[in-house]
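All remarks here apply to the structure that follows.
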Amino acid sequence: MFNSFFFSRRWALWAWGGLLVLVAIVFVTVQQTVRLNTWYGQFYDLLQKPEQAGGLAQFWGFMQQFAWIAFPYMLLRSFEAYLASHYAFRWRQAMTEQYLPRWQRTTETVEGASQRLQEDCMRFARQTENLGLGLVRAVLTLVSFIPILWGLSQGMAIAWLQFEGSLFWVALATALGGTVLSWFVGIRLPGLEYNNQRTEAALRKELVYAEDDRSRMTLGGVMALFMGVRLNNFRLFNHYAYFNLWSNLYGQTMIIFPYLLMGPSLFAGLITLGVIQQVSNAFGKVNEAFSYLIERWTDITELRSIYKRLHEFEKGLAPA
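The sequence shown begins at 652 in my numbering and counts up one residue at a time.
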């Protein structure tokens, strides 16, 4: 899965050069979000006192600053998505070119081989690239925003938060607690995803055979396979229902949580509206980065099941 792309001379430029460019784009866009966080503080401080001299001129100046931050950010994110799509497809091509000759030479029957070659390779490359870039973004976000959040921890009105870097430690504790709970809530999902791919592959195999020869298809047999797909999908729906409920509850709580922490300080006159907006944004970025596993749990579950299928496929192939 990895050797065919990252340790191949043919694909070295795309594998390592493309990865370097993607990481560079992620770094620049994260720095844009840091600039936007500073902009929030200054802009909302202006809105808090709109009657000050030159207020309207400053307002239009802030609009111009926002454009210089937001538009390059949007262009870079669009280019990142475009480049990532090409990157994932070339990884898929490298895997396909390695697997096909080995599959042709093997004497073993590998369950769902066509699906593993066509669909699983595509999904594995796409999900790994997607999750990998997301992890890089999360790490760079932490490196950039932890000092900001640490500095914003000054002037807390709540007594138990009056210590150095309190907002950072709260963000870390809530994210780690949420991740542990997510692990237990979603512990059955990888196995169900794996079973779902197997049942779908078995049904697809019979339907592909029927395309060439309708006479070999029995309605009872195909419907039995379909009912297996139905049963497993309904199990997935049930388990994803309570996991999504937990994930949405956690996400909505983290939106309001910074305001609960900083509200007393605002009304006590210890901070301004701009500071509370900075705290809300910085806390959200840090907590989101720490909570990366929660946000991407569904994708991680899917990737684990795909990896398991491709690993089984590799074991059944002829040597390279």
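C-beta: ideal position from N, C-alpha, C; glycine also.
Quick caveat, the model's predicted, so the values are computed rather than measured.
Integer-rounded CB distance, given that residue j should sit under 8 Å from residue i
{"i": "residue 915", "j": "residue 822", "result": "Actually they do not touch by this definition, with Cβ atoms about 18 Å apart."}
{"i": "residue 713", "j": "residue 697", "result": "7 Å"}
{"i": "residue 735", "j": "residue 673", "result": "6 Å"}
{"i": "residue 961", "j": "residue 686", "result": "So it is not a contact: roughly 41 Å between Cβ atoms."}
{"i": "residue 968", "j": "residue 754", "result": "6 Å"}
{"i": "residue 952", "j": "residue 844", "result": "5 Å"}
{"i": "residue 780", "j": "residue 750", "result": "Going by Cβ atoms, the distance from residue 780 to residue 750 rounds to 18 Å, so no, they are not a contact pair."}
{"i": "residue 688", "j": "residue 938", "result": "Wrong, their Cβ atoms sit about 14 Å apart, outside the cutoff."}
{"i": "residue 907", "j": "residue 917", "result": "Actually they do not touch by this definition, with Cβ atoms about 14 Å apart."}
{"i": "residue 782", "j": "residue 954", "result": "6 Å"}
Per-residue DSSP class, three states only, for residue i
{"i": "residue 969", "result": "coil"}
{"i": "residue 942", "result": "coil"}
{"i": "residue 814", "result": "coil"}
{"i": "residue 723", "result": "helix"}
{"i": "residue 658", "result": "coil"}
{"i": "residue 804", "result": "coil"}
{"i": "residue 715", "result": "helix"}
{"i": "residue 701", "result": "coil"}
{"i": "residue 743", "result": "helix"}
{"i": "residue 908", "result": "helix"}
{"i": "residue 922", "result": "coil"}
{"i": "residue 762", "result": "coil"}
{"i": "residue 957", "result": "helix"}
{"i": "residue 799", "result": "helix"}
{"i": "residue 669", "result": "helix"}
{"i": "residue 869", "result": "coil"}
{"i": "residue 927", "result": "helix"}
{"i": "residue 773", "result": "helix"}
{"i": "residue 653", "result": "coil"}
{"i": "residue 951", "result": "helix"}
{"i": "residue 838", "result": "coil"}
{"i": "residue 863", "result": "helix"}
Burial state of residue i, where buried means 16 or more other Cβ atoms lie within 10 Å
{"i": "residue 885", "result": "exposed"}
{"i": "residue 667", "result": "exposed"}
{"i": "residue 966", "result": "exposed"}
{"i": "residue 878", "result": "exposed"}
{"i": "residue 909", "result": "buried"}
{"i": "residue 819", "result": "buried"}
{"i": "residue 892", "result": "exposed"}
{"i": "residue 948", "result": "buried"}
{"i": "residue 778", "result": "buried"}
{"i": "residue 831", "result": "exposed"}
{"i": "residue 882", "result": "exposed"}
{"i": "residue 691", "result": "buried"}
{"i": "residue 925", "result": "buried"}
{"i": "residue 746", "result": "buried"}
{"i": "residue 743", "result": "buried"}
{"i": "residue 665", "result": "buried"}
{"i": "residue 840", "result": "buried"}
Inter-residue Cα distance where the pair is residue i and residue j
{"i": "residue 656", "j": "residue 707", "result": "55 Å"}
{"i": "residue 858", "j": "residue 770", "result": "16 Å"}
{"i": "residue 827", "j": "residue 838", "result": "16 Å"}
{"i": "residue 709", "j": "residue 718", "result": "14 Å"}
{"i": "residue 793", "j": "residue 661", "result": "35 Å"}
{"i": "residue 930", "j": "residue 875", "result": "56 Å"}
{"i": "residue 682", "j": "residue 795", "result": "7 Å"}
{"i": "residue 850", "j": "residue 829", "result": "32 Å"}
{"i": "residue 806", "j": "residue 922", "result": "7 Å"}
{"i": "residue 842", "j": "residue 775", "result": "17 Å"}
{"i": "residue 936", "j": "residue 946", "result": "13 Å"}
{"i": "residue 669", "j": "residue 896", "result": "37 Å"}
{"i": "residue 958", "j": "residue 803", "result": "42 Å"}
{"i": "residue 765", "j": "residue 880", "result": "18 Å"}
{"i": "residue 847", "j": "residue 813", "result": "50 Å"}
{"i": "residue 723", "j": "residue 680", "result": "9 Å"}
{"i": "residue 890", "j": "residue 784", "result": "27 Å"}
{"i": "residue 741", "j": "residue 956", "result": "22 Å"}
{"i": "residue 705", "j": "residue 934", "result": "31 Å"}
{"i": "residue 964", "j": "residue 773", "result": "14 Å"}
{"i": "residue 676", "j": "residue 730", "result": "9 Å"}
{"i": "residue 919", "j": "residue 811", "result": "16 Å"}
{"i": "residue 654", "j": "residue 663", "result": "11 Å"}
{"i": "residue 801", "j": "residue 950", "result": "31 Å"}
{"i": "residue 835", "j": "residue 894", "result": "10 Å"}
Interface flag, residue i vs chain B, CB-CB below 8 Å
{"i": "residue 942", "result": "Reference to chain B is not applicable here, since this structure consists of a single protein chain."}
Discussion item. Under 8 Å, with one C-beta from each stretch per pair, do the stretch 758-773 and the stretch 902-922 reach the 3-pair mark?
Written reply: no
Worksheet item: Any contact of the stretch 938-948 with the stretch 780-789, i.e. 3+ C-beta pairs under 8 Å?
Response: yes
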